[in-house]
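Heads up: the sequence shown begins at 1 in the UniProt record's numbering, then just goes up one per residue. Think of the CB as a built atom: it goes at the ideal place given N, C-alpha and C, for glycine as much as any other residue. On a predicted model such as this, the values are computed, not experimentally measured, just so you know. Reading through the structure tokens given below for one structure.
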Amino acid sequence: MAMLWKFMRVAKYSKTALSPKVKVRGIPTHSRHSSSKSVPSDFDANTPCSNTVELLGKAYPQDNYSNVTEKILSKVGKNLHNKKHHPLWLIKEQVKDHFYKQYIGRRGTPLFSVYDGLSPVVTVQQNFDSLLIPQNHASRRKEDNYYLNRDHMLRAHTSAHQWDLIHSGLDAFLAVGDVYRRDTIDNTHYPVFHQMEGVRLFSCHELFSNIRDGEGLQLFEQGHRTAHKQECHTMEAVRLVEFNLKQVLTKLVTHIFGDGLQVRWVDCYFPFTHPSFEMEINFQGEWMEVLGCGVMEQQLVNSAGAQDKIGWAFGLGLERLAMILYNIPDIRLFWSEDERFLKQFIVPHIWQKIKFQPLSRYPPLINDISFWLPSETYSKNDFYDLARSIGGDLIEKVVLVDEFTHPK
């Protein structure tokens, strides 16, 4: 059997003095070999095995889909977006404040409801099936998600709550929470991050009431799907929904980042919206993608019980906005408990300007690691999880430097 050799380079930065060192142990499989220099860690990699996973007061039986690590489980319930004066809380409150003041319902109350305490444990049906994500879609892979078992997982996006909230009768809402994805290790990726989901549904009257001679316009038709619309939507309805969506989001980012902000829209694909777009902003001379959005798939809306309505949805990452707005260079800093970091965000009001001041003067430490492993069972995210479990947040970046397949 041909054996694959991997050579990885691990870069670590510490905000404080380095903790005691431990040896990186080889992967405990007879066909794998690992060698390395020492890396700092305060995490015991030999956590005991169990037939169940205890999480948020519930027990989930493990099976061959279970792949969530103790390191990830330790993040559940932290709810950084709800910790007052945390930078992610500030971003959430800014968005919430904008929506509350900008969009008022008929009774003089905020049009959008906000849900920021929903459990991160969801069913596979909620995370994928309800959003029309095909069974063979790449986003379902174990290599990219944290499964408690075959039926339950840590949500990969706040979109997992769309169907339930629409089904409960809501027409306009924001859902905020921590989401979990197995990912690469660098300064902009972390296996736990925070999203905000926004949904707005329109009845025929709500969409066309301000349109001159709009009494005869309809939401639906029996047509054909094109690059610009779904087969069941009229072009007039789609154009108005798309215009409203882009107007709402442009107002939001302009309010956060300031007047004069350049915005552009890029066509893209999501299974649960069509047409779909990504918003990019020009910040300090560089174009950056900040959110995805689109006209909701009518099949999803119909299945949730809102057959007579059409709507839009968007999803944005709180870390991405905070890193841009506050000039925070590394996503790991959001998990810091260092007072020098946290005190910078204790401000009298949520809209006060803040510019992050770096903490560390320590130079980076570089470790080179090489190991053998069977090519047919290897997933790079398995190695990333191992590195995070042992090195924790001291590890800033892991880079594949070289690989070699033995001919035998």
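Leaving aside the five residues before and after residue i along the sequence, list all residues of the same chain whose C-beta is less than 7 Å from its C-beta, in chain order.
i, result
"ASN67", "LYS142, TYR146 and TYR147"
"LYS397", "ALA11, ILE185, ASP186 and ASN187"
"residue 460", "A query on residue 460 cannot be resolved here, the shown segment of the chain reaching from 1 to 408 and no further."
"GLY105", "LEU111"
"LEU132", "PRO271, PHE272, GLU297, GLN299 and LEU300"
"SER379", "GLU143"
"PRO28", "For PRO28, the pLDDT reaches just 32, beneath the cut-off of 50, and the residue's location in the model is therefore unreliable, although a value from the coordinates is still provided. So the list is empty, once near-sequence residues are dropped."
"TYR269", "SER276"
"HIS98", "LEU252 and HIS255"
Which partner residues of residue i appear in the DSSP bridge assignment?
i, result
"TRP287", "ASN282"
"VAL95", "Note: VAL95 sits in no beta bridge, so no partner."
"ILE346", "Note: ILE346 sits in no beta bridge, so no partner."
"LEU201", "GLY311"
"PHE208", "Its beta-bridge partners do not exist; DSSP assigns none."
"ASN294", "What sits at residue 294 in the sequence shown is Gly, not Asn. SER276 and ALA313."
"TYR60", "VAL53"
"ILE104", "PRO110"
"HIS194", "ASP178"
"ARG147", "What sits at residue 147 in the sequence shown is Tyr, not Arg. According to DSSP, TYR147 bridges with MET153."
"LEU334", "The sequence shown places Phe at residue 334, not Leu. Its beta-bridge partners do not exist; DSSP assigns none."
"PHE128", "DSSP output for PHE128 lists no bridge partner at all."
Which residue comes first and which comes last in the alpha helix (DSSP H) that contains residue i?
i, result
"TRP265", "Note, TRP265: premise wrong, no alpha helix (DSSP H); beta strand (DSSP E) at 262-270."
"ASP186", "No alpha helix (DSSP H) holds ASP186; DSSP gives it neither H nor E."
"TYR384", "380-391"
"VAL238", "235-257"
"ARG340", "339-342"
"ILE354", "Segment: none, ILE354 is in no alpha helix (DSSP H) and carries neither H nor E."
"LYS71", "70-73"
"SER303", "298-303"
Among the options, whose alpha-carbon lies nearest the alpha-carbon of residue i?
i, options, result
"PRO271", "LEU333, ASP129, ARG107 and GLU242", "ASP129"
"GLN307", "GLN125, PRO61 and SER203", "SER203"
"TYR60", "PHE383, THR123 and ASP97", "THR123"
"GLN299", "GLU231, LEU325 and ASN51", "GLU231"
"ASN82", "GLN195, ASP385 and VAL53", "GLN195"
"ALA175", "LEU118, HIS152 and ILE366", "LEU118"
"GLU221", "VAL238, TYR378, ASN210 and ASP63", "VAL238"
"GLY294", "GLU197, LYS78 and HIS189", "GLU197"
"LEU55", "PHE257, ASN327 and VAL121", "VAL121"
"HIS274", "LYS251, TRP312 and ILE331", "TRP312"
"THR69", "LEU318, ILE211 and THR52", "THR52"
"GLY260", "CYS268, ASN244, ASP267 and PHE283", "PHE283"
"VAL95", "LEU325, GLY169 and SER209", "LEU325"
"GLY317", "LYS92, LEU73, TYR103 and THR109", "LYS92"
"ASP63", "THR109, ASP267, ASP151 and HIS98", "ASP151"
"PHE257", "GLN352, TYR65, THR226 and GLU206", "GLN352"
Whose C-beta lies closer than 6 Å to the C-beta of residue i among residues of the same chain, with five residues either side of it excluded?
i, result
"ALA172", "LEU111, PHE112 and ARG200"
"ARG388", "LYS71"
"TYR115", "ALA175"
"GLU236", "LEU217"
"HIS137", "none"
"ASP385", "THR69"
"ASN46", "Note that ASN46 scores a pLDDT of 36, beneath 50, so its modelled location is shaky; the value from the coordinates is reported in the next line. Here the set comprises nothing."
"VAL192", "LYS75, ASP178 and TYR180"
"VAL263", "THR250 and ILE281"
"LEU165", "PHE173"
"GLU289", "GLU278 and GLU280"
"ASP330", "ASN187"
"GLY214", "PHE208"
I'd like the list of long-range same chain contacts for residue i, defined as Cβ closer than 8 Å, with 5 residues on each side in sequence excluded.
i, result
"ASP265", "Looking at the sequence shown, residue 265 is not Asp but Trp. Within the same chain, TRP265 has close Cβ partners LYS246, PHE277, GLU278, MET279 and GLU280."
"SER35", "Its pLDDT being 34, under 50, SER35 is placed unreliably by the model, and the measurement read from it follows with that caveat. Once the five neighbours on either side are set aside, the close Cβ partners of SER35 are GLY26, ILE369, SER370 and PHE371."
"GLY315", "HIS157, THR158, SER159, GLN195, MET196, GLU197, GLY198, LEU291, GLY292 and CYS293"
"ARG332", "ASN187, TYR190, ASP393 and GLU396"
"TRP287", "ARG264, GLU280 and ILE281"
"TRP163", "GLN126, SER130, LEU131, LEU300, SER303 and ALA304"
Beta-carbon of residue i versus every beta-carbon of chain C: anything under 8 Å?
i, result
"ASN145", "The chain labelled as chain C is not found in the depicted structure, where only one protein chain is given."
Quick check on the DSSP output: the beta strand (DSSP E) that includes residue i runs from which residue to which?
i, result
"HIS167", "Looking at the DSSP string, HIS167 is not in any beta strand (DSSP E); the run it does join, the alpha helix (DSSP H), is 162-167."
"ALA326", "The question names Ala, but residue 326 in the sequence shown is Tyr. From DSSP, TYR326 is part of no beta strand (DSSP E) but of the alpha helix (DSSP H) over 318-326."
"PHE173", "172-180"
"VAL114", "113-115"
"VAL122", "121-123"
"VAL76", "VAL76 -> no beta strand (DSSP E), and no H or E assigned at all."
"HIS152", "152-154"
Below 8 Å on the Cβ atoms is my guess for residue i versus residue j; work out the distance and round it to an integer in Å.
i, j, result
"VAL241", "ILE310", "6 Å"
"LEU90", "ILE350", "5 Å"
"ALA156", "ARG181", "5 Å"
"HIS86", "PHE356", "That belief does not hold up - the Cβ atoms of HIS86 and PHE356 are roughly 13 Å apart, past 8 Å."
"ALA322", "LEU88", "6 Å"
"THR234", "LEU219", "6 Å"
"ASP338", "LEU365", "That pair is no contact at about 19 Å."
"residue 420", "PHE341", "Outside the shown range of the chain (1 to 408) lies residue 420, about which nothing can therefore be said."
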